[in-house]
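See structure below.
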Amino acid sequence: MSYANGDATNSRRIGRQQSSASASLAMRQNSVTPSRKKKDAWWRSRWCCPCLRARSSEEEVLDKLTDGKKDEEGDKEEVELNDMMLIVKKIDLMKKKKEENKITHHTNEYDYDELIVRRGQPFDMKLQFNRPYNPETDQIFLELQTGKHYPQVTKGTLIIVPLVEEHNRMEWGAKVTQASGNHVTLSVNSSPEAVIGKFQLSVRTRGPGGELKTPSAPENSIYILFNPWCEKDSVFLDNEEWRKEYVLNETGMIYYGTEFQIGARTWNFAQFSKGVLDACLYVLEKGGMPASGSKDSVSTARVISAMVNSPDDDGVLEGNWSGDYSDGTSPTSWVGSEDILLQYHKTRKPVCYGQCWVFSGVTTTVLRCLGIPSRSVTNFSSAHDTDVSLTMDIFFDENMKSLEDMNYDSVWNFHVWNDCWMARPDLPPGYGGWQAVDATPQETSSGTYCCGPASILAIRNGLVFLKHDTPFIFAEVNSDKIYWQRQADGTFKKLFIEKKAIGHKISTKAVASNEREDITSLYKHPEGSEEERIAVETASKYGNKPSIYIDSDMPSDVGIEVQTDEKTTMGSDVVLCVGLTNKSNEQRFVTLFINTAMMYYTGVLKESFRKEEKAVQLSPYEEARVEMVIKYAEYHEELIDQAAMMFTISGRVQETGQLLATQQTFRLRTPDLEIIPIGGAVVGQEMRAKISFVNPLPKTLTGVYFRVEGPGLHKPNIVQVGDVARGATVTITQTFVPVKPGPRKLIASLDSRQLTQVHGVAEVDVKE
Numbered sequence: 002m003s004y005a006n007g008d009a010t011n012s013r014r015i016g017r018q019q020s021s022a023s024a025s026l027a028m029r030q031n032s033v034t035p036s037r038k039k040k041d042a043w044w045r046s047r048w049c050c051p052c053l054r055a056r057s058s059e060e061e062v063l064d065k066l067t068d069g070k071k072d073e074e075g076d077k078e079e080v081e082l083n084d085m086m087l088i089v090k091k092i093d094l095m096k097k098k099k100e101e102n103k104i105t106h107h108t109n110e111y112d113y114d115e116l117i118v119r120r121g122q123p124f125d126m127k128l129q130f131n132r133p134y135n136p137e138t139d140q141i142f143l144e145l146q147t148g149k150h151y152p153q154v155t156k157g158t159l160i161i162v163p164l165v166e167e168h169n170r171m172e173w174g175a176k177v178t179q180a181s182g183n184h185v186t187l188s189v190n191s192s193p194e195a196v197i198g199k200f201q202l203s204v205r206t207r208g209p210g211g212e213l214k215t216p217s218a219p220e221n222s223i224y225i226l227f228n229p230w231c232e233k234d235s236v237f238l239d240n241e242e243w244r245k246e247y248v249l250n251e252t253g254m255i256y257y258g259t260e261f262q263i264g265a266r267t268w269n270f271a272q273f274s275k276g277v278l279d280a281c282l283y284v285l286e287k288g289g290m291p292a293s294g295s296k297d298s299v300s301t302a303r304v305i306s307a308m309v310n311s312p313d314d315d316g317v318l319e320g321n322w323s324g325d326y327s328d329g330t331s332p333t334s335w336v337g338s339e340d341i342l343l344q345y346h347k348t349r350k351p352v353c354y355g356q357c358w359v360f361s362g363v364t365t366t367v368l369r370c371l372g373i374p375s376r377s378v379t380n381f382s383s384a385h386d387t388d389v390s391l392t393m394d395i396f397f398d399e400n401m402k403s404l405e406d407m408n409y410d411s412v413w414n415f416h417v418w419n420d421c422w423m424a425r426p427d428l429p430p431g432y433g434g435w436q437a438v439d440a441t442p443q444e445t446s447s448g449t450y451c452c453g454p455a456s457i458l459a460i461r462n463g464l465v466f467l468k469h470d471t472p473f474i475f476a477e478v479n480s481d482k483i484y485w486q487r488q489a490d491g492t493f494k495k496l497f498i499e500k501k502a503i504g505h506k507i508s509t510k511a512v513a514s515n516e517r518e519d520i521t522s523l524y525k526h527p528e529g530s531e532e533e534r535i536a537v538e539t540a541s542k543y544g545n546k547p548s549i550y551i552d553s554d555m556p557s558d559v560g561i562e563v564q565t566d567e568k569t570t571m572g573s574d575v576v577l578c579v580g581l582t583n584k585s586n587e588q589r590f591v592t593l594f595i596n597t598a599m600m601y602y603t604g605v606l607k608e609s610f611r612k613e614e615k616a617v618q619l620s621p622y623e624e625a626r627v628e629m630v631i632k633y634a635e636y637h638e639e640l641i642d643q644a645a646m647m648f649t650i651s652g653r654v655q656e657t658g659q660l661l662a663t664q665q666t667f668r669l670r671t672p673d674l675e676i677i678p679i680g681g682a683v684v685g686q687e688m689r690a691k692i693s694f695v696n697p698l699p700k701t702l703t704g705v706y707f708r709v710e711g712p713g714l715h716k717p718n719i720v721q722v723g724d725v726a727r728g729a730t731v732t733i734t735q736t737f738v739p740v741k742p743g744p745r746k747l748i749a750s751l752d753s754r755q756l757t758q759v760h761g762v763a764e765v766d767v768k769e
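The structure is reproduced here in structure tokens:
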């Protein structure tokens, strides 16, 4: 873009302002000709601040009287001043995807024309002037500003970048690396503590003829991101394979189900798609974060955890666990974050609807897009502690029947949140690294629905007094289940403590593969180890039942174990097997109560649909099995999201009074979609993919639709199918044109009122 346009009058106004102009030029300024008045007005309108742009009525009259006339003496003067000024005619930010700036800053995948750089790392730019740059008499400054409010140097929202001889890694500076003719190449270093956001760039020059500043132009905007490649950045990650996975990977796996039956779905994070970066920056702005605050990765992650949900701030996603999604999109239907973020940025209203894996998927997108390493993490048998006791409390009446109106704590089949990588200067040394952040709205933190970042090392060791929200996440992964019985006087007696019920098979996608990585050992010591018990008891001292672990021994000569067939598919009968073991040398008589209810994956129970009472006699050292079969016809009308059941088994040993209680979650398997790419995949060439599905239910599916997308392959698309009869096969063909080379993933999901959580993925290797 040209900033001179060949109009010499631009230089003359600056000449009038500078006392350094020659005396003869100063004299001419006192007798300005009409034509010069007219050109001066144009100069003000383009280059000056608003306070200098006002024109007097005398100037306007002179313009009318002298329209079309020229002042030869004034033109000559303007040429002289033009030679003295250093005028920027063109700015080249070297921002094409294949140019060094985007390649070295690892931003070439962003589908943006603007320059995107990571802080704490130099980038190059070229300037073209009206004449050669003279370092003896000329000065060059860069100015960058961001934020809606008045930019300030002290807040980092106005940055003045001077020319320097050598870069200081901690400071802004521009170094001339090449000067040839009217062209100058600059190497610009940014501070590793710079504010994150979109900056407007101006170039200020100062020479013998005066000072000049270019206006900021949209095409010269610069996005600045966090930099995991920079040792001085708070999000520095010293592992290239991890950076590729946790910053640059556009797709990932999110796990769900139960600890015995772990399902996986592919998620399109789409952090590089057009418009997503602007949407992520809008999320920070909407969250009330001042532009100056975004330099801090801890504060940024906390705002994101608050803004991805909507209850108290009209954030990105509205949660819905009711089963009725008729006025929005079912949470199980989403396969990526792009549609969600772009819709939110466009409408400025929460998108309907999300549940924990959707909240986590969007959080991963926002964090990675801004440059903070992140991953989605799934915890199976995840506790929701409602009273800060750091225990899961389950209450029974005198007859060992569950007191549902008192059982506020719940154990989710699974819960998905995020880990993000950063230093923690606000904590004692050693607690940086992976931090847990949870965007699903469960409990408020300091009056806001947000959670984290909490140091995983602090969680592991039970140091729940370290911020942020460490007690809540500790309870999710390592609290004990404590069973209580109501006594005749209305008080409750502690029956026993189940120590290994919470926090199993904590999972995330492995680096550089699609395998599941178990990271339970990062969150907790081995179950039952002395270190793990110390962590639990340390944490409990900061809960509302600090003496809970005193005198906790209970009689236990009868053991109980529950088993289900985790391969059971939707539409099949469910078999529950309860095993009892008499560990004594005397006979035991046990009365069992078995309660069956459909359960949301969050641990909230739908009304029980089957209850049974069983009497079991055990000889000394005998093992016995009690079996219960639930027919499909019995449960299909009760089905809700995730097709999960909760079995609550309790009982009493007649001879000793020993009380038995345990719970078991179970989920029916759902089928996968089959995705078959057809033909070769080449950038810019049309290709197809066939997506097939077989209805496994003995009933018709209604309102069936597919959702298909893939980063670099296929923009998000919805295909309505309608009804699918029992046992029927439905096949759709999608046509698309790949736009990026390399290994890509095509992701699809199917949704209907009767069947959800059906999805599939295909690998596509795209050639250039």
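When we follow the numbering used here, the leftmost residue of the sequence shown carries the number 2, and every step to the right adds one. Backbone N, C-alpha and C fix where the C-beta goes; we use that ideal spot for every residue, glycine too.
CB-CB length for D410 against Q436, believed under 8 Å: Residue numbering aside, residue 410 sits at position 409 when the sequence shown is read from its first letter. Residue numbering aside, residue 436 sits at position 435 when the sequence shown is read from its first letter. With a beta-carbon spacing of about 25 Å, D410 and Q436 fall beyond the 8 Å limit used to define contacts.
Alpha carbon of L747 to alpha carbon of I692, nearest angstrom: Counting from one through the sequence shown, the residue named residue 747 turns up at place 746. Counting from one through the sequence shown, the residue named residue 692 turns up at place 691. If I take the Cα positions, the gap works out to 10 Å.
Contact belief for V304 with G288 at Cβ below 8 Å, rounded distance in angstroms: Within the sequence shown, numbered from 1, the residue matching residue 304 stands at position 303. Within the sequence shown, numbered from 1, the residue matching residue 288 stands at position 287. Their Cβ separation, rounded to whole angstroms, is 4 Å, which keeps V304 and G288 in contact under 8 Å.
Residue of W243, I223, N596 minimising C-alpha distance to L404: Residue mapping note: residue 404 aligns to position 403 of the sequence shown, counting from 1. Residue N596 is the option with its Cα nearest to L404.
Nearest-angstrom Cβ-Cβ length linking P351 and L318, presumed shorter than 8 Å: Within the sequence shown, the letter at position 350 stands for residue 351. Within the sequence shown, the letter at position 317 stands for residue 318. Contact flag correct, Cβ pair sits at about 6 Å.
Three-state secondary structure (DSSP) of R120: To locate residue 120, count along the sequence shown from 1; it is residue 119. Three-state DSSP puts R120 in coil, outside helix and strand.
Simplified DSSP assignment, three categories, for K156: Sequence index remark: in the sequence shown, residue 156 carries index 155 (1-based). Helix, per DSSP.
Cα-Cα separation between P209 and F130, rounded to whole angstroms: Start at 1 with the first residue of the sequence shown, and residue 209 comes out as number 208. Start at 1 with the first residue of the sequence shown, and residue 130 comes out as number 129. In this structure, the CA atom of P209 is about 15 Å from the CA atom of F130.
Simplified DSSP assignment, three categories, for F237: In the sequence shown, counting from the first residue as 1, residue 237 sits at position 236. In the three-state reduction of the DSSP assignment, F237 falls in the coil class, being assigned neither a helical nor a strand state.
Beta-carbon proximity of A180 to P133, cut-off 9 Å: Stepping through the sequence shown from its first residue, residue 180 is reached at position 179. Stepping through the sequence shown from its first residue, residue 133 is reached at position 132. Going by C-beta atoms, A180 is nearer than 9 Å to P133.
Cβ-Cβ separation, V367 to I341 (assumed contact under 8 Å), whole Å: Translated into the one-based positions of the sequence shown, residue 341 becomes position 340. Translated into the one-based positions of the sequence shown, residue 367 becomes position 366. Actually they do not touch by this definition, with Cβ atoms about 10 Å apart.
Sub-9 Å separation of F270 and G337 beta-carbons: As a first step, residue 270 is located in the sequence shown; it is residue number 269 there, counting from the start. As a first step, residue 337 is located in the sequence shown; it is residue number 336 there, counting from the start. Cβ distance < 9 Å, so F270 and G337 count as in contact.
Pairwise C-alpha distance: L238 and I457: Taking the first residue of the sequence shown as 1, we reach residue 457 at position 456. Taking the first residue of the sequence shown as 1, we reach residue 238 at position 237. The alpha-carbon atoms of I457 and L238 are separated by roughly 16 Å.
E608 to A598 span [Cα, whole Å]: On the sequence shown, position 607 is the one that residue 608 refers to. On the sequence shown, position 597 is the one that residue 598 refers to. If you take the alpha carbons of E608 and A598, they lie about 6 Å apart.
Selected residue, minimal CA-CA separation from E429, among D439, F466, F415, C353: Within the sequence shown, the letter at position 428 stands for residue 429. The question names Glu, but residue 429 in the sequence shown is Pro. Ranking D439, F466, F415, C353 by Cα distance to P429 puts F466 first.
Element boundaries [beta strand (DSSP E), containing S777]: No information on residue 777 is available, as it lies outside the stretch 2 to 769 that the chain covers here.
Backbone CA spacing between L164 and S188 [nearest angstrom]: In the sequence shown, counting from the first residue as 1, residue 164 sits at position 163. In the sequence shown, counting from the first residue as 1, residue 188 sits at position 187. In this structure, the CA atom of L164 is about 10 Å from the CA atom of S188.
Which residues DSSP lists as bridging E628, in chain order: Along the sequence shown, one-based indexing puts residue 628 at 627. Here E628 is bridged, per DSSP, to C578.
Euclidean distance between Cα positions of F397 and T521: What you label residue 397 is simply residue 396 of the sequence shown in a count that begins at 1. What you label residue 521 is simply residue 520 of the sequence shown in a count that begins at 1. If I take the Cα positions, the gap works out to 31 Å.
Through-space distance from W243 to S235, alpha-carbon basis: Taking the sequence shown and counting its residues from 1, the one referred to as residue 235 is at position 234. Taking the sequence shown and counting its residues from 1, the one referred to as residue 243 is at position 242. If you take the alpha carbons of S235 and W243, they lie about 16 Å apart.
Per-residue DSSP class, three states only, for K468: Residue 468 sits at position 467 when you count from the first residue of the sequence shown. The answer is coil: DSSP assigns K468 none of H, G, I, E or B.
Per DSSP, cross-strand counterpart(s) of W230: In the sequence shown, counting from the first residue as 1, residue 230 sits at position 229. W230 is not bridged by DSSP to any residue.
Inter-residue Cα distance where the pair is V759 and L202: In the sequence shown, counting from the first residue as 1, residue 759 sits at position 758. In the sequence shown, counting from the first residue as 1, residue 202 sits at position 201. Roughly 48 Å between the two C-alpha positions.
DSSP three-state assignment for G294, whether helix, strand or coil: Position 293 of the sequence shown, counting from 1, holds the residue named residue 294. Helix, per DSSP.
Nearest residue (CA-CA) to E110, options R425, E567, V277, A662: As a first step, residue 110 must be located in the sequence shown, where it is residue number 109. Ranking R425, E567, V277, A662 by Cα distance to E110 puts V277 first.
Contiguous beta strand (DSSP E) assignments of at least 3 residues, all confined to the region 466-519: Here the runs fully enclosed are 481-487, 493-499, 505-510, 517-519.
Complete runs of the beta strand (DSSP E) confined to the region 689-758 [at least 3 residues]: Within the region 689-758, the complete beta strand (DSSP E) runs of at least 3 residues are 702-711, 715-725, 730-737, 743-752.
For G157 and K233, believed in contact at Cβ under 8 Å, the rounded distance: The residue you call residue 233 lines up with position 232 of the sequence shown. The residue you call residue 157 lines up with position 156 of the sequence shown. So it is not a contact: roughly 15 Å between Cβ atoms.
As assigned by DSSP and simplified to three states, the class of W335: Here residue 335 is taken as the residue at index 334 of the sequence shown, counted from 1. Three-state result, W335: coil.
At least 3 beta-carbon pairs within less than 8 Å: the region 723-732 vs the region 633-648: Here the region 723-732 does not lie against the region 633-648, with fewer than 3 beta-carbon pairs under 8 Å apart.
Secondary structure of D340, DSSP reduced to three states: Stepping through the sequence shown from its first residue, residue 340 is reached at position 339. Three-state result, D340: helix.
Three-state secondary structure (DSSP) of R170: Here residue 170 refers to the residue found at position 169 when the sequence shown is read from its first residue. Note: R170 maps to coil in three-state DSSP.
Local Cβ density within 10 Å of T301, reported as buried at 16 or more and exposed below that: The count along the sequence shown starts at 1 and reaches residue 301 at position 300. Per the 10 Å Cβ criterion, buried.
Pick from H150, E194, G148 that is closest to N169, judged by C-alpha positions: As a working note, residue 169 is residue 168 in the sequence shown. Answer by Cα proximity: E194.
Span of the alpha helix (DSSP H) around D843: Given that the chain is displayed from residue 2 to residue 769, the structure contains no residue 843 and the question cannot be resolved.
K214 - partner residues in DSSP beta bridges: Residue mapping note: residue 214 aligns to position 213 of the sequence shown, counting from 1. K214 is bridged by DSSP to R205.
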